[in-house]
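Notes for the one structure printed next.
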Amino acid sequence: MLILPNPKESFVIYCDASKMGLGRVLMQNGQVVAYASRQLK
91 MLILPNPKES
101 FVIYCDASKM
111 GLGRVLMQNG
121 QVVAYASRQL
131 K
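Quick note: the sequence shown uses the numbering used here, first residue 91, plus one each step.
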């Protein structure tokens, strides 16, 4: 479940990459704010 971000608190970004794709997650207080992934061709 996504949460609404609080602009007064800090964020953490987790990223991962491989030859097949890219992924990232934006988190705040251990909860997911947004996520995205992309397949590489």
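The beta carbon of each residue, even a glycine, is placed where N, CA and C say it ideally should be. In this text, all values refer to a predicted model and were calculated from it rather than measured experimentally.
Provide the residue(s) that pair with Ile93 in DSSP beta bridges, ordered along the chain. Beta-bridge analysis with DSSP links Ile93 to no other residue.
Where Ser108 sits in the DSSP three-state scheme: Ser108: coil per DSSP, three-state reduction.
Limits of the beta strand (DSSP E) - the one that Cys127 falls within: Here the sequence assigns Ser to residue 127, which means Cys is not the residue at that position. Per DSSP, Ser127 belongs to the beta strand (DSSP E) from Gln121 to Gln129.
Are the Cβ atoms of Val123 and Ile93 separated by less than 8 Å? It is a contact, given that the beta carbons lie within the stated cut-off.
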